Amino acid sequence: MSHAISTKPPSGMRDFLAPDVVRRRHVLSIVQRVYESFGFVPLETPTIENLGTLLGKYGPEGDQLLYRVLHRREKLQRALAAGTVTELDLADEGLRYDLTVPLARVVANYRDLPTFYKRYQIQPVWRADRPAKGRFREFYQCDVDVTGSRSIVADAEVCGAVAQVLRELGFADFRLLCNHRELLRALVAEAGIAPESEALALVVLDKLDKVGADGVRKELAEKGVAADRTDALLAILAATRAPDALAVRARGDGPGAEGARDLLSLFAACAGGPAAAHLTFDPTLARGLGYYTGPIFEISCAGLAGSLGGGGRYDNLIGMFGKQQIPAVGFSLGLERMLLVMEERGMFPSLGIGPEVLLCRMSDVEAAAAIRVATQLRAQGLRVEVFAEAAKLGAQLAYASRIGAPFAAILGTSEVADGSVTLKDLTTGEQGKVAVGDVAARVR
RNA sequence: GUGGCUGUAGCUCAGUUGGUUAGAGCACCAGGUUGUGGUCCUGGGGGUCGCGGGUUCAAAUCCCGUCAGCCACCCCA
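1010 is the number of the first residue of the first sequence in my numbering; add one for each residue after it.
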């Protein structure tokens, strides 16, 4: 079919039909309500950002995954006319990759925001990644962030907000993994691993629970890290998992002490909130995004390869947009990830879609009469569809069944004459004349 | 980016060691005469078998390429 236009959406992007939309809205409405209950205020930012805003914030792999917007018209012609053309010459805008960087730009741009700006943002983001199960090129993030505070209370609040969302959605078994960038850095240094191998070591460590200690040894050896260093690191990590290891480390003033103290303060601050039961210290948690500086978080859930969400503290990001360094911490939930698990586990309540009543009109009834009745029914709060065509009653009822309407209201000349409809319950087949004003009471 | 699997009707799939006009179920449309659906019966529309090339008297079937989709890994939400 070379001449036919493909009717599929682009790779990694999806259409959402009614049943999908109502499930998505169900989740989003809970996210929004819970976030607002924590005092966060909404923010929406443009789909497109200047490339200067986006580039260099996510690490080299991140830059590769940015969707870029090609120059138009003269600007494109001029760019193409230049001798050597690079990616940077062809575009100066791109689709947003996450919601954190746009927030950082906004905070740097609007200097009259409150000192402590608590915002939530629920919008799609785009990544030119290879699609896989639970991974799309267009997906929604549900972010909560607090800017302007270095206090660990802010960290505790964002953790509490996402934990409360998951609890209200019906998740019970998730873990909120925590670690600390400074602590990690100290552990790697302690193992005698050179600072330039640090990023490498962290990425591999992140996989420890998947590939095992031998896998980590092998992978780090391939990257040029000496075996005894890797063993030292693994031993230090194992020791750090011990129950009071954090407390011991926090007491001293050695490397990582401050990170350990941060984490202990965080656990203490969360104790009275919804995150308490889910917090888990995981010294191997690394997280890829380059801008994290302090505590880092990730939501893990049984049966899901990736995470439901992630976040952390990023005290240097906003400063990249202006002279003023403003600390910040945030958390992001992945809508599609939550939906995936909820679908697999059947966690949705019954969600009404479509009309509750299909108004069937006999061919000898004027359309205006049907619309008048439908208007009265809608005024009672009912969702009502008027069958558009003058068709046989059987066809109209078949259509009602097809779209899943629970009731049909039949309007013939006799019903018009006495201000009633024949209301038919399509589940039981029972029917009878009902005054138009009484229909809602019968349906509900 | 790496490895594997799969491409036949709108959807889920049959299609024998290559062999006449490529099938089923579901969905859709129409009928089974008057104002009764979801069950049942009958009929109908819809596919150049992902695309391109090769082997052969003959290809949905075998070979090569290509594109697309799915799964795992990597990474992430």
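Every residue gets a Cβ at the ideal spot worked out from N, C-alpha and C, and that includes glycine. Please read all numbers here as calculations on a predicted model, not as lab measurements.
The alpha helix (DSSP H) runs of length 4 or more contained entirely in the stretch 1356-1381 do not exist; there are none. By the criterion of at least three beta-carbon pairs nearer than 8 Å, the stretch 1188-1195 is not in contact with the stretch 1215-1235.
Going by beta carbons, R1159 and P1051 fall outside the 8 Å limit.
Three or more pairs of CB atoms, one per stretch, sit closer than 8 Å, so the stretch 1377-1393 contacts the stretch 1430-1449.
Exclusion of the five residues before and after A1444 leaves G1428, S1429 as the residues of its chain whose Cβ lies within less than 7 Å of its Cβ.
When C-beta atoms of the stretch 1309-1319 are compared with those of the stretch 1343-1351, three or more pairs fall below 8 Å, so the two segments count as touching. Between the alpha carbons of Y1106 and V1374 lies a distance of about 56 Å.
R1270 sits in a helix when the DSSP states are folded into three classes. For a cut-off of 8 Å, the C-beta gap from C1279 to A1165 is around 5 Å, short enough to register as a contact. When the five nearest sequence neighbours on each side are left out, the beta carbons in the same chain lying within less than 7 Å of the beta carbon of Y1044 are those of Y1129, V1153, A1170, in order along the chain. Burial state of S1309 is buried, judged by a 10 Å Cβ sphere holding 16 or more other Cβ atoms. With fewer than 16 other Cβ atoms from the protein chains shown falling within 10 Å of its own Cβ, P1358 counts as exposed. By the C-beta criterion, the stretch 1089-1103 is judged to be in contact with the stretch 1062-1080, since at least 3 inter-stretch pairs fall below 8 Å.
If one requires a minimum length of 3 residues, the beta strand (DSSP E) runs lying completely within the stretch 1104-1173 are 1126-1135, 1147-1156, in chain order. Straight-line spacing of the CA atoms in S1206 and A1198 works out to 10 Å. For P1069, there is no enclosing beta strand (DSSP E); the residue is part of the alpha helix (DSSP H) that begins and ends at 1069-1073. Judged by DSSP in its simplified three-state form, I1057 adopts strand. Taking 8 Å as the cut-off, the beta carbon of A1379 is found closer than this to the beta carbon of L1368. Counting along the chain, the unbroken alpha helix (DSSP H) around G1403 starts and ends at 1402-1411. Distance from the CA of G1328 to the CA of G1303, rounded to the nearest whole angstrom, comes to 16 Å. An exposed status is given to E1352, since fewer than 16 other beta-carbon atoms sit within 10 Å of its beta-carbon.
Closest option to A1269, judged by alpha-carbon separation, among G1282, P1292, A1285: P1292. The DSSP-derived three-state label of A1247 is helix. E1398 and R1120 have their C-alpha atoms roughly 58 Å apart.
Rounded to whole angstroms, V1212 and N1325 show a C-alpha spacing of 21 Å. DSSP lists H1189 as the beta-bridge partner residues of P1304. Under the DSSP definition of a beta bridge, G1320 partners with F1306, F1340. Here the alpha carbons of G1021 and G1143 stand approximately 10 Å from one another. At a Cβ-Cβ threshold of 8 Å, A1409 and A1417 count as neighbours. Taking a contact as a CB-CB distance under 8 Å, the pair C1151 and L1275 does not count as one, their CB atoms being some 21 Å apart. The C-beta separation of I1419 from L1402 comes to about 7 Å, placing the pair in contact by the 8 Å criterion. According to DSSP, residue pairing for F1416 in a beta bridge involves V1366, D1434. Here the C-alpha atom of A1091 lies approximately 10 Å from the C-alpha atom of L1085.
Non-local C-beta neighbours of A1311 in its own chain, meaning closer than 7 Å and more than five positions away in sequence, comprise D1182, ordered along the chain. Taking the Cα of L1242 as reference, the smallest distance to any Cα among V1257, V1225, A1254 is reached at V1225.
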